[in-house]
Amino acid sequence: MQARATHAGVRILFIAAGALLFGLVSNFVLTAIGHWYEMNMARSEYDLSDSFMIALLVQALCVVAGGVTGNWLYRRSRIKKGVER
1 MQARATHAGV RILFIAAGAL LFGLVSNFVL TAIGHWYEMN MARSEYDLSD
51 SFMIALLVQA LCVVAGGVTG NWLYRRSRIK KGVER
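The sequence shown: position 13 = 13 (the numbering used here), numbered continuously.
This is how it looks when you write it as structure tokens:
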């Protein structure tokens, strides 16, 4: 019973680390793109608000993708160790 709880905690850490890593990377990239867009392409406040909403959507998708990737990495490491479930 103790081992199962430990594995669940490790799995949650993998998922959280993947989501955090993807979220931070996407934040840095989107910040640079947003600054460039604001300085060179935006013509009004509406353009900026639209780009902000798109950036939020992209960052949310990156966090979800990071969580899925973290779960996949955890499952892959368990299979390589010979423990399937």
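From the three backbone atoms N, C-alpha and C, an ideal C-beta is built for every residue, glycine too.
For the pair isoleucine 54 and lysine 81, the Cα-to-Cα distance works out to about 41 Å. Ranked by Cα distance from glycine 66, the options Phe14, Trp36, His35 are led by Phe14. Pairing leucine 48 with serine 26, the inter-Cα distance amounts to about 18 Å. With 16 or more other Cβ atoms inside 10 Å of its own Cβ, tyrosine 74 counts as buried. With 16 or more other Cβ atoms from the protein chains shown falling within 10 Å of its own Cβ, leucine 30 counts as buried. Only residues of its own chain outside the window of five on either side were considered, and among them Leu48 have a CB closer than 6 Å to the CB of alanine 42, listed in chain order. Bounds of the alpha helix (DSSP H) holding methionine 53 are 45-81.
When rounded, the separation of the alpha-carbon atoms in asparagine 71 and phenylalanine 52 is 29 Å.
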